[in-house]
Structures are given as C-alpha cells and as structure tokens.
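A.B. asks: This is the structure I want to talk about, given as structure tokens.
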Amino acid sequence: SQQGEEDPQALSIQEGENATMNCSYKTSINNLQWYRQNSGRGLVHLILIRSNEREKHSGRLRVTLDTSKKSSSLLITASRAADTASYFCATESNFGNEKLTFGTGTRLTIIP
Amino acid sequence: ETGVTQSPTHLIKTRGQQVTLRCSSQSGHNTVSWYQQALGQGPQFIFQYYREEENGRGNFPPRFSGLQFPNYSSELNVNALELDDSALYLCASSSPAESYNEQFFGPGTRLTVL
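From first to last, the protein sequence lines are chains A and B.
If you're matching positions, the first sequence starts at 1 in our numbering and goes up one per residue.
If you're matching positions, the second sequence starts at 1001 in our numbering and goes up one per residue.
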C-alpha cells in the first residue's frame, strides 16, 4: 500500500517558473526523502529531511517538513526543461528495517 | 548514475512461468531492497536483504522470493507469473554505516507478463 499521497498528480509550468509539490503521509517517520524518476527509469535521490528538521535546501530544491500535519513540500525554483520527470516522496518509518514507503508521485512537465 | 546495476533491462514472459532478476549493489553496500513499480504508481517494497538474510518483507505473496550472495549482489525470483506482475522492478542498495538510509537505485528491469 502507498504511504502517502502527492498533490498535484500532474503539474505543467513554463520554464523559469517555480514548481511546488506536496506530499502527505500517515504514520510516524524517521525521515522523508524525495526522488526523481525520468520516463520509468531508475529513481534518483534528491534530498532527505529528518523528522527533527523543518526545512532543507539543496541547490534549486527546498524541502519543508511538518510532522504535526504529516506533510512535506518540494519546491523547485527557476525550473528547467531537464526537470521534467516524476517526483516521489518516500518515508522511512521509525520501526525496523529502513524500508521506504513511496507516495503516488507528481508528474512535472516544464514547457520550454 | 549510481553504481547499482540490474539485469536484464527488459523481459517478456508468459503466465505461469518463472523469472529471475539480478541486482549488483554499489561497492561497500551490504543491504539490497527490491521494489515493484506498476505503471503510474509509486514503488512498493517487496523485501530487503541484509548480509544474506531477509530483513523485512512487504505485502507480497511467497511466490516472490529472493537471495543475497556473499558479495551482496541479489536475485529476485517470481514463480507462477501472473499478468499483474507486469511492472518495473527496482533494486536499491544501501549501507547502515552511511548517512541515514540513502538508497541508491538501479535502472530497473521492465517485466512484461503476457
């Protein structure tokens, strides 16, 4: 079963604009991670935020985490055509074996 | 690209057949996790192997089985294939000694069951 839901399911924006994707999850977590996937290929790790962190930056990426609302957001600033991909949030629970539980994904299309 | 490799890239099987998928983990990683990703969905955890032992399993039937070898590479075996087994199968390697469970994914094997 999917842990979380991502919103929106699909997003199209003009190149240069900012893109924001949201993720909600259900159970207590150890950390939350964001991944990118191009055209049904392997997943690329983007950023990890721990449960005791509220915000994290990496280049053009900004992630926030609100554990009281069980939600996270991913902001991509100054989007580029190469950012076109599907984006998934994944949570690691604070029980056991490091398995990741993925959301349903947001399909992002950057229009040149 | 990560150092995780998977073979084969694509595979076509018929219902009832058996399939073996392979994964070589990134150097230094002793943990391999397998995920199934149906079209349009997020990946779903199948199981994880740590030092050649199964270390957790998702909601998949026993006909999904695995192995991990002393060099930490891994196999996923699926018996009695069903049409719904058609999916992208991803493996990911990690090391508990490294930062917070960053998992490195391979490119996946696309399995089609006819």
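The beta carbon of each residue, even a glycine, is placed where N, CA and C say it ideally should be.
The structure presented is a predicted model; accordingly, all values stated were derived computationally and were not measured.
1) Below 7 Å between beta carbons: does that hold for V1032 (chain B) and S1093 (chain B)?
2) Taking the beta strand (DSSP E) that T101 (chain A) falls in, what are its first and last residues?
3) Can you list, in chain order, the residues of the segment 50 to 82 of chain A whose Cβ is nearer than 9 Å to any Cβ on chain B?
4) Could you name the residues that DSSP lists as bridge partners for G1066 (chain B)?
5) Name, going along the chain, the residues of the segment 1079 to 1098 of chain B whose beta-carbon falls closer than 8 Å to a beta-carbon of chain A.
6) I want to verify the contact list: residues of chain A whose CB lies under 8 Å from the CB of P1008 (chain B), in sequence order.
7) Do we get a CB-CB distance below 7 Å when we pair G16 (chain A) with the residues of chain D?
8) Count the other C-beta atoms from every protein chain shown that fall within 10 angstroms of the C-beta of K99 (chain A), then say buried if there are 16 or more, exposed otherwise.
9) List the endpoints of the continuous beta strand (DSSP E) containing T1084 (chain B).
10) Which bits of chain A does E1075 (chain B) rub up against, with CB to CB less than 7 Å?
11) At the 7 Å Cβ level, is T106 (chain A) part of the contact set with chain B, yes or no?
12) If I follow the unbroken beta strand (DSSP E) through L75 (chain A), where does it start and stop?
13) Name the chain A residues that come within less than 8 Å of G1016 (chain B), Cβ to Cβ?
14) Could you have a look at A10 (chain A) and say whether DSSP puts it in helix, strand or coil?
15) Mind pulling the beta strand (DSSP E) runs of 3 or more residues that sit fully within the segment 1020 to 1070 of chain B?
16) Count the C-beta pairs between the segment 33 to 53 of chain A and the segment 72 to 86 of chain A that are closer than 8 Å, then say yes if the count reaches three, no if not.
17) Name, please, each residue of chain A whose Cβ falls closer than 9 Å to the Cβ of L1068 (chain B).
18) Taking Cβ-Cβ distances shorter than 7 Å, what residues in chain A pair up with F1105 (chain B)?
19) With a CB to CB cut of under 6 Å and the five nearest residues on each side skipped, what residues in its chain are close to G1040 (chain B)?
20) Give the single residue among B:Q1017, B:S1065 and B:Q1037 whose Cα lies nearest to the Cα of Q1048 (chain B).
21) I'd like to know whether the C-beta of K26 (chain A) is nearer than 7 Å to at least one C-beta of chain B.
C.D. replies: This is what the structure gives:
1) yes
2) L100 to F102
3) R50
4) B:L1076
5) L1088, L1090, A1092, S1094 and P1096
6) Simply none; closest approach about 14 Å.
7) Structure shown: chain D not included; protein chains present are A and B.
8) buried
9) Here residue 1084 (chain B) is Asp; the residue named in the question, Thr, does not match the sequence. Premise fails: D1084 (chain B) is in no beta strand (DSSP E) and is neither H nor E.
10) Those within 7 Å of E1075 (chain B) in chain A number zero; the least Cβ separation is about 18 Å.
11) no
12) S71 to I76
13) Neighbours of G1016 (chain B) on chain A: none; closest Cβ ~26 Å, over 8 Å.
14) strand
15) 1031 to 1037, 1044 to 1050, 1053 to 1057 and 1064 to 1068
16) yes
17) For the record, residue 1068 (chain B) in the displayed sequence is Gln; it is not Leu. Those within 9 Å of Q1068 (chain B) in chain A number zero; the least Cβ separation is about 14 Å.
18) G42 and L43
19) none
20) B:S1065
21) no
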